[in-house]
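Beneath this line is the structure, given in structure tokens, with notes to follow.
Protein chains: 2
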Amino acid sequence: MSLPLRVGIAGLGTVGAGVLRLLAENAAIITARAGRPIQVTAVSARDRTRDRGISLAGLHWHDNPVALAADSEVDVVVELIGGSEGPSMTLAEAAIAAGKNLVTANKALLAVHGAALAQAAEAAGVTLGFEAAVAGGIPIIKALREGLAGNRILRVAGILNGTCNYILTTMREEKRDFADVLADAQALGYAEADPSFDIDGIDAAHKLAILAALAFGRQVDFSSVHVEGIRRISALDIAFAEELGYRIKLLGIARETPAGAEVRVHPAMVPKTALLAAVDGVYNAVLAEGNFVGSVFLQGRGAGAGPTASAVVADLIDIARGTKIPVWGAALSNAAAVPIAAHHGAYFLRLMVVDQPGVLADVTAILRDHGISLASMLQHGRKPGEAVPIVLVTHETNEAAIGQAIARIAILESVLEEPALIRIEPS
Amino acid sequence: MSLPLRVGIAGLGTVGAGVLRLLAENAAIITARAGRPIQVTAVSARDRTRDRGISLAGLHWHDNPVALAADSEVDVVVELIGGSEGPSMTLAEAAIAAGKNLVTANKALLAVHGAALAQAAEAAGVTLGFEAAVAGGIPIIKALREGLAGNRILRVAGILNGTCNYILTTMREEKRDFADVLADAQALGYAEADPSFDIDGIDAAHKLAILAALAFGRQVDFSSVHVEGIRRISALDIAFAEELGYRIKLLGIARETPAGAEVRVHPAMVPKTALLAAVDGVYNAVLAEGNFVGSVFLQGRGAGAGPTASAVVADLIDIARGTKIPVWGAALSNAAAVPIAAHHGAYFLRLMVVDQPGVLADVTAILRDHGISLASMLQHGRKPGEAVPIVLVTHETNEAAIGQAIARIAILESVLEEPALIRIEPS
Numbered sequence: 001m002s003l004p005l006r007v008g009i010a011g012l013g014t015v016g017a018g019v020l021r022l023l024a025e026n027a028a029i030i031t032a033r034a035g036r037p038i039q040v041t042a043v044s045a046r047d048r049t050r051d052r053g054i055s056l057a058g059l060h061w062h063d064n065p066v067a068l069a070a071d072s073e074v075d076v077v078v079e080l081i082g083g084s085e086g087p088s089m090t091l092a093e094a095a096i097a098a099g100k101n102l103v104t105a106n107k108a109l110l111a112v113h114g115a116a117l118a119q120a121a122e123a124a125g126v127t128l129g130f131e132a133a134v135a136g137g138i139p140i141i142k143a144l145r146e147g148l149a150g151n152r153i154l155r156v157a158g159i160l161n162g163t164c165n166y167i168l169t170t171m172r173e174e175k176r177d178f179a180d181v182l183a184d185a186q187a188l189g190y191a192e193a194d195p196s197f198d199i200d201g202i203d204a205a206h207k208l209a210i211l212a213a214l215a216f217g218r219q220v221d222f223s224s225v226h227v228e229g230i231r232r233i234s235a236l237d238i239a240f241a242e243e244l245g246y247r248i249k250l251l252g253i254a255r256e257t258p259a260g261a262e263v264r265v266h267p268a269m270v271p272k273t274a275l276l277a278a279v280d281g282v283y284n285a286v287l288a289e290g291n292f293v294g295s296v297f298l299q300g301r302g303a304g305a306g307p308t309a310s311a312v313v314a315d316l317i318d319i320a321r322g323t324k325i326p327v328w329g330a331a332l333s334n335a336a337a338v339p340i341a342a343h344h345g346a347y348f349l350r351l352m353v354v355d356q357p358g359v360l361a362d363v364t365a366i367l368r369d370h371g372i373s374l375a376s377m378l379q380h381g382r383k384p385g386e387a388v389p390i391v392l393v394t395h396e397t398n399e400a401a402i403g404q405a406i407a408r409i410a411i412l413e414s415v416l417e418e419p420a421l422i423r424i425e426p427s
Numbered sequence: 428m429s430l431p432l433r434v435g436i437a438g439l440g441t442v443g444a445g446v447l448r449l450l451a452e453n454a455a456i457i458t459a460r461a462g463r464p465i466q467v468t469a470v471s472a473r474d475r476t477r478d479r480g481i482s483l484a485g486l487h488w489h490d491n492p493v494a495l496a497a498d499s500e501v502d503v504v505v506e507l508i509g510g511s512e513g514p515s516m517t518l519a520e521a522a523i524a525a526g527k528n529l530v531t532a533n534k535a536l537l538a539v540h541g542a543a544l545a546q547a548a549e550a551a552g553v554t555l556g557f558e559a560a561v562a563g564g565i566p567i568i569k570a571l572r573e574g575l576a577g578n579r580i581l582r583v584a585g586i587l588n589g590t591c592n593y594i595l596t597t598m599r600e601e602k603r604d605f606a607d608v609l610a611d612a613q614a615l616g617y618a619e620a621d622p623s624f625d626i627d628g629i630d631a632a633h634k635l636a637i638l639a640a641l642a643f644g645r646q647v648d649f650s651s652v653h654v655e656g657i658r659r660i661s662a663l664d665i666a667f668a669e670e671l672g673y674r675i676k677l678l679g680i681a682r683e684t685p686a687g688a689e690v691r692v693h694p695a696m697v698p699k700t701a702l703l704a705a706v707d708g709v710y711n712a713v714l715a716e717g718n719f720v721g722s723v724f725l726q727g728r729g730a731g732a733g734p735t736a737s738a739v740v741a742d743l744i745d746i747a748r749g750t751k752i753p754v755w756g757a758a759l760s761n762a763a764a765v766p767i768a769a770h771h772g773a774y775f776l777r778l779m780v781v782d783q784p785g786v787l788a789d790v791t792a793i794l795r796d797h798g799i800s801l802a803s804m805l806q807h808g809r810k811p812g813e814a815v816p817i818v819l820v821t822h823e824t825n826e827a828a829i830g831q832a833i834a835r836i837a838i839l840e841s842v843l844e845e846p847a848l849i850r851i852e853p854s
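So the sequence lines, in the order shown, correspond to chains U and Z.
The first sequence begins at 1 in my numbering and counts up by one.
The second sequence begins at 428 in my numbering and counts up by one.
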């Protein structure tokens, strides 16, 4: 039996406690698979007295997480503090500088500082593991970086935020509006008191920036991700989507186009028959398309103590086994992302208009002026002189054309609210 | 740039040609990811003159595949000959004995000789890669052996044979019978002229034996897999399944039970809402349940040149990167599989009976005698004195009880055909 791999854990919230529990409960299996024991020797957290339901007896306790980097009985630092700046970054840099391997579940840290940290880790000859940073227990980092490594990746599309997916699923199933469902989700603990990180798409964008770097070999670049959240999705649009054969999902999409890589997070209409359309509730899923493998789809729990701990421990076992893979799978290029303005695709457009003759003629004339042709149109019921929704689905056009058309449509006198526009994603 | 990894390929059928094409077409990406070029230096196939649409110029040609093992310009032998005995096994042993890494897509070889080959490979310090042996392009070997390695695996359930899934899907969609759809599948090239390897479940059982070894750390043991194929599935049973909210799928299931591991391939009724129920046509899929990660679901193409080549090349990239994982993820125990006779579960039972008073009373009395209770019963229409189907769905019982009950039911005078029995799998 080889020497144990000694682990120091920074952050003992739900996930940190989950890692401790997993390593204890599955110790025999993990030792057999890793070829040696994986043993927690040190921890750091804010509150030393809190009962976490796990024994910390015999472990070094560090009030300051950075002290883990200097602990001579720590081979791997597991960073579960969170946040792209502050203690997490200080600890990450210190751990690498001290020649220790680093495992993190911190998507923000990776999305913002992933290039610099990878460079430092590779120079120091240590591993930087981040399987837990994207899609919880789904081994998507390993799938992209190793399992599908023979492929040119054409597209990655994922449901990367369980809170948004739960809200959208509940809105659809219960025909309720966003604010109402969000309030419930907050009460149930599925959404944070300040939910903007999730519902404005930032969390999904952090994860997508990581997937795009792995998929396309381009620098992780959170700032170039186009991000829209789900605040403006209405029960009305969800109902129209159903009628048209679509589901509305917050997708993270990284796609190779002739002009470069598109990297975008936004609500999208996906055909009901698509695998991603069937992913409901708090599940996460990723569809990856390779030029030889075709489509590979992975689904699982994207958050929670168990799944996230599973991913952290997978990285620890890799380290214990001596596996060394370049942090981003390969050297990264500086190819810029294509701006959303260059996007081509079909669009769902919903207008609230006064039900009176001539409105549709005005709207379709504007679309014609911008070269946009229609695939379908829906209007239910009649309420002469009152507000009614009209739904238009376009054929493929581009973001610039639809943007200009909408700007003109929005100021028509008969158009009563800001138009709702949702991109359609083929599958 | 490090030295190239030099590859010798035995077998230049669809998959072999696919590997050559992939390595050529994606050479730049693969070199970047592997850290060095992966270069085919030698090949072996039966027919030197056949046009495979790829250039073999500059490659060593060996008429006898075993010669690849002795080729000093080969670091890795890729075995794509197939079959558990004969040239594939001779080559595998020779390659390992010569200190060369071995990559194979050969599920039969692994299922039958996997333990001995792993021992030899580990003693020789070489890698034995077999990602391509199960579920084509889906990186399920890597997921079980590495990505989910922190978990005790509770259950693996998969659709592992595309031919069977295509036939069952077509039977359901077109309401046609087995023999008819099989003939079509053979004409289309989706099924072999001698289809028994696929439709009798042997191919799926080879793959399941491999997954069970990885999941449970028990010796690969093809002979202990319980195997039933799909020949006896009728359009009638598929229609009843639909009505009851189920789909019939040929599943490979490896499950931890208090008595040990069940390892079985058979047609199963799965709820329509289950992820596996939605996997149609030639797709493969695997659901893995871990004690921390929960359920993880992977779907993709299970066969074909592109997906299989993708898996072979993933193994080659692992070797080029220097990754070394125990062949079966850990040392394997000799824990025996639980025989199918010990299975507990619910059952679908379809009888063809004479429509006359008292038949159901006889049948239900027998079920009662064996302690079997019913969840539901279906009989449509009435044809006094003629043959009609009766469907019974049981609550959970065990294989011994249902077997004894059916033996008695089958010899009732009013029961006209051998009863159809299909196990129900919860999800």
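Positions of the beta carbon are idealized from the N, C-alpha and C atoms, including for glycine.
{"Item": "Does the CB of Z/N825 have a neighbour CB from chain U at under 7 Å?", "Value": "no"}
{"Item": "For U/P87, which residues in the same chain have their Cβ closer than 7 Å to its Cβ, ignoring the five residues on either side in sequence?", "Value": "P65 and I81"}
{"Item": "Express the C-alpha separation of Z/V503 and Z/L432 in angstroms, rounding to a whole number.", "Value": "8 Å"}
{"Item": "Taking only the alpha-carbon atoms, compute the straight-line gap between U/G8 and U/A305 and give it to the nearest angstrom.", "Value": "18 Å"}
{"Item": "Considering just the uninterrupted stretch of the beta strand (DSSP E) at U/P419, what are its terminal residues?", "Value": "Careful: U/P419 lies outside any beta strand (DSSP E) and carries neither H nor E."}
{"Item": "Measure from the C-beta of U/V293 to each C-beta in chain Z and report whether the shortest distance is under 7 Å.", "Value": "yes"}
{"Item": "For chain Z, find out if any of its Cβ atoms is closer than 7 Å to the Cβ of U/F297; answer yes or no.", "Value": "yes"}
{"Item": "If we cut at 7 Å on Cβ distances, does Z/S800 have a partner in chain U?", "Value": "no"}
{"Item": "Rounding to the nearest angstrom, what Cα-Cα distance links U/D194 and U/G18 in this structure?", "Value": "24 Å"}
{"Item": "Check the DSSP bridge columns for U/N283 and list the partner residues they point to.", "Value": "Just to set this straight, residue 283 of chain U is Tyr in the shown sequence, not Asn. BP columns for U/Y283 point to U/R301."}
{"Item": "Can you tell me where the alpha helix (DSSP H) with U/A32 in it begins and where it stops?", "Value": "A27 to A34"}
{"Item": "Could you list the residues in the stretch 140-153 of chain U with a C-beta less than 7 Å from some C-beta on chain Z, going in chain order?", "Value": "K142, A143, E146, G147, L148, A149, G150, N151 and R152"}
{"Item": "Which same chain residues, not among the five before or five after Z/G727, have their C-beta less than 8 Å away from its C-beta?", "Value": "A562, G563, G564, I565, Y710, N711, A712 and P734"}
{"Item": "Among Z/M804, Z/I836, Z/Q806 and Z/L759, which has the Cα closest to the Cα of Z/H797?", "Value": "Z/I836"}
{"Item": "Nearest-angstrom Cα distance between Z/A738 and Z/I657?", "Value": "28 Å"}
{"Item": "Quick one, are the C-beta atoms of U/G294 and U/R145 less than 7 Å apart?", "Value": "no"}
{"Item": "Should U/P267 be labelled buried (16 or more other beta-carbon atoms within 10 Å of its own) or exposed?", "Value": "buried"}
{"Item": "Apart from the five residues on each side of it in sequence, which residues of its chain come closer than 6 Å, Cβ to Cβ, to Z/G585?", "Value": "G679 and V713"}
{"Item": "Which two residues bound the contiguous beta strand (DSSP E) that contains U/P252?", "Value": "The question names Pro, but residue 252 of chain U in the sequence shown is Gly. Per DSSP, U/G252 belongs to the beta strand (DSSP E) from Y246 to T257."}
{"Item": "What separation, rounded to the nearest whole angstrom, lies between the Cα atoms of U/R264 and U/A341?", "Value": "11 Å"}
{"Item": "Quick one: list the residues of chain Z neighbouring U/A314, beta-carbon separation under 8 Å, in chain order.", "Value": "E573, G574, L575, A576 and G577"}
{"Item": "Mind listing the chain U neighbours of Z/P734? Cutoff is C-beta to C-beta under 8 Å, in chain order.", "Value": "F292, V293 and G294"}
{"Item": "In chain U, which residues lie less than 8 Å from Z/V592 when you measure between Cβ atoms?", "Value": "First, the amino acid is wrong: residue 592 of chain Z is Asn here, not Val. Neighbours of Z/N592 on chain U: none; closest Cβ ~15 Å, over 8 Å."}
{"Item": "Starting from the beta carbon of Z/A855, find every residue of chain U whose beta carbon is closer than 7 Å, and list them in chain order.", "Value": "A question about residue 855 of chain Z goes unanswered here, because the residues of chain Z that appear run from 428 up to 854."}
{"Item": "Would Z/S650 pass as an interface residue toward chain U - the criterion being a Cβ-Cβ separation below 7 Å?", "Value": "no"}
{"Item": "Identify the continuous alpha helix (DSSP H) that holds Z/G541 and give its terminal residues.", "Value": "K534 to A551"}
{"Item": "Going by Cα to Cα distance, which pick from Z/S803, Z/A576, Z/L819 and Z/D745 is closest to U/I30?", "Value": "Z/A576"}
{"Item": "Would you mind working out which of U/G53, U/I366, U/L416 and U/G260 sits nearest U/A387, comparing C-alpha positions?", "Value": "U/L416"}
{"Item": "Using beta-carbon positions only, say whether U/A133 and U/L168 come within less than 7 Å of one another.", "Value": "no"}
{"Item": "In the DSSP assignment, the alpha helix (DSSP H) including U/E399 goes from what residue to what residue?", "Value": "E399 to A410"}
{"Item": "Would you call the stretch 387-404 of chain U and the stretch 363-378 of chain U touching, i.e. three or more CB-CB distances under 8 Å?", "Value": "yes"}
{"Item": "Whole beta strand (DSSP E) runs in the stretch 307-372 of chain U with 3 or more residues, listed along the chain?", "Value": "344-354"}
{"Item": "Give me the chain Z residues within the contact set of U/K324, using Cβ-Cβ distance strictly less than 9 Å, ordered along the chain.", "Value": "R748, G749 and T750"}
{"Item": "Using the three-state DSSP reduction, which class does U/G294 fall into: helix, strand or coil?", "Value": "strand"}
{"Item": "Verify the CB distance criterion: does Z/S737 have a CB-CB separation below 7 Å to chain U?", "Value": "yes"}
{"Item": "Would you kindly check if the distance between the Cβ of U/A105 and the Cβ of U/M43 is under 7 Å?", "Value": "For the record, residue 43 of chain U in the displayed sequence is Val; it is not Met. No; because the gap between Cβ atoms is not below 7 Å, this pair is not in contact."}
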